[in-house]
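The structure under discussion appears below in the form of structure tokens.
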Amino acid sequence: MYDFDFYVIGAGSGGVRAARRIAATGKKVAIAENKAYGGTCVNLGCVPKKLFAYAAAYNTQQKAQAYGWHSQKPSFSWQTLITNKNKEIHRLNAIYEKLLEQHNVTRHDGTARLLDDHHITINNKTYSAQHIIIASGSSCFRPPISEAELAITSDDIFHLPQLPTSIAIIGGGYIAVEFASILHGLGVAVTLLNRSDQLLTLFDHELGKRLAHAFDQQGIRVLFNTEANSIQQHGTSYTLTLKDGTTLSTHKVMFATGRLPNTQGLGLEDVGVATNPKGAILVDDNFRTNKESIYAIGDCIDHVNLTPVAIAQGNYLAQLFTGGKPRPLNKDAIATAVFTSPPLASIGKTQEQLDAQAIEYKTATTEFTPMKYSLNDSTIKARYPCFMKVLYHAKDETVLGLHMLGEDAPEMMQGLAVAFTMGMCYSDMLNTVGIHPTTAEEWTTL
Ligand code: NDP
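Quick note: the sequence shown uses this note's numbering, first residue 156, plus one each step.
Structure, rendered in structure tokens:
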């Protein structure tokens with residue numbers, strides 16, 4: 156009756172996972188993609204960002220001197236990094252395409268648009284499907300300031316022909332602080348313009364405060380309560396005029412001011428799929444839109460916009476459609492990390508959320524210099540602090556939140572997330588025998 160059982164729009168993390176898991180059960184599935192396979196994560200997000208973060212971390216000359224290493228000032232080739240990064244991304248694109256092929260998912264390269272509850276059009280052809288899954292992702296948002304188009308976004312940074320000598324980054328969220336750290340590590344003079352007095356507002360505020368201090372010690376300039384009014388170009392550089400009337404000259408300006416759901420041009424209004432004022436598709440607990448045959452997952456629904464969450468939502472749909480009983484995602488147990496230097500990672504509630512919800516809690520914290528920096532002088536030590544925080548229920552000691560700024564925080568948090576998801580208590584942490592000497596053992600003594 157239909158050309159396909161399922162038609163998936165968008166071959167990013169969520170779309171590909173749903174498509175191949177559903178196809179693996181013998182259903183006829185097609186997927187449409189108008190850019191590169193793998194979506195933002197593979198092409199313009201998590202993967203190239205982490206490679207850049209590794210590149211920045213190789214700049215270890217100053218730290219290594221206390222251990223006896225002396226070398227000439229190393230040189231860095233942006234072109235080598237970009238070429239090798241592109242090679243790796245192409246390898247991953249091919250893996251994604253092959254995975255779909257191996258699961259007999261039909262690939263349509265182009266922009267799909269809904270025609271009605273069961274039909275889509277792509278490349279001047281029309282296809283019918285019993286179910287449609289929208290996984291169209293999100294795009295960088297540019298604030299409406301004068302000449303905003305002169306600034307780059309995180310989409311552009313991965314393909315810049317040359318590394319700028321200086322950059323002004325507008326924003327104070329994930330992308331702003333990660334790129335401030337990466338570009339500083341690669342030798343760029345970085346100024347971060349944050350509109351409030353707090354970096355990473357959605358994280359426990361102690362992390363953002365300590366990161367700001369570490370940035371300051373490293374030489375990253377952070378301007379708080381600062382907003383830009385306009386951008387002007389002068390040859391190859393730019394002047395930012397700030398709201399207080401002062402100006403700032405820089406070689407590049409970058410927006411890292413959030414992302415918006417990719418829902419324009421999908422035909423949602425014509426078909427009557429409901430969205431919120433931000434353009435995010437509204438879904439129920441089973442990711443079904445207000446149309447019975449149309450589902451949506453990932454950044455286009457603007458729930459928790461992280462790759463592993465989109466993958467979990469794709470898995471959920473696959474289980475739902477193939478007779479399984481999917482387990483709802485526990486939104487309070489999603490670990491997340493920010494790949495700055497030092498990095499930070501969290502799971503559960505922040506102290507600000509607990510205060511707002513009037514939950515009675517206790518706090519255990521520790522702050523120390525990681526052993527790795529014990530031979531370094533105080534300047535280096537101040538640049539790479541380590542801070543851990545446990546928030547636990549005042550009555551039964553259930554751990555409510557874990558927050559860390561410090562080297563290897565993301566790797567540690569992934570392991571802790573297992574115990575957190577299982578409902579560990581603070582006393583369970585203290586009853587655990589540590590591995591010595593590690594930074595991680597501090598979680599068992601604090
Ligand atoms: P975020 O939502 O993390 O941060 C947006 C930042 O921009 C905030 O500091 C916000 O300020 C500020 N902002 C918003 N609007 C304006 C404006 N008009 N003028 C000035 N500042 C503004 O978004 P990002 O762009 O950093 O990242 C997008 C998403 O991508 C993240 O939310 C995350 O879901 C995902 N991501 C995940 C990563 C990871 O897992 N490591 C890495 C990178 C991205 P305020 O806080 O005051 O609202």
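Backbone N, C-alpha and C fix where the C-beta goes; we use that ideal spot for every residue, glycine too.
Buried/exposed call for residue i, threshold 16 Cβ in 10 Å
i    : result
V588 : exposed
K544 : buried
V573 : exposed
T405 : buried
H263 : buried
A513 : exposed
M526 : exposed
H286 : buried
A211 : buried
S168 : buried
H339 : buried
H273 : buried
N349 : buried
T195 : buried
Beta-bridge partners of residue i, as assigned by DSSP
i    : result
G503 : G556
K536 : For K536, which the question treats as bridged, DSSP gives no partner whatsoever.
R376 : T346
R297 : Its beta-bridge partners do not exist; DSSP assigns none.
C196 : Note: C196 sits in no beta bridge, so no partner.
D271 : H274
R443 : Y450
Q656 : Because the chain here runs from 156 to 601, residue 656 falls outside it and cannot be looked at.
F159 : A284
L415 : S294
I177 : Paired residues: none, contrary to the question.
Per-residue DSSP class, three states only, for residue i
i    : result
L338 : helix
V260 : coil
M526 : helix
Y222 : helix
A436 : The amino acid occupying residue 436 in the given sequence is Ile; Ala does not appear at that position. Correct three-state label for I436: strand.
M567 : helix
T238 : helix
F231 : coil
A185 : strand
I466 : helix
F207 : helix
I514 : coil
F410 : strand
L403 : strand
A383 : strand
L546 : strand
A166 : coil
S321 : strand
Any non-hydrogen atom of the ligand ZN closer than 7 angstroms to residue i Cβ
i    : result
I307 : Summarising the ligand content, the structure contains the ligand NDP and does not contain the ligand ZN.
*asked:* Please enumerate, following chain order, all residues with a beta carbon closer than 6 angstroms to at least one heavy atom belonging to the ligand NDP.
replied: P298, I325, G326, G327, G328, Y329, I330, A331, E333, R350, S351, T356, E382, A411, T412, G413, R414, N460, L461, T491, A492, V493 and F494
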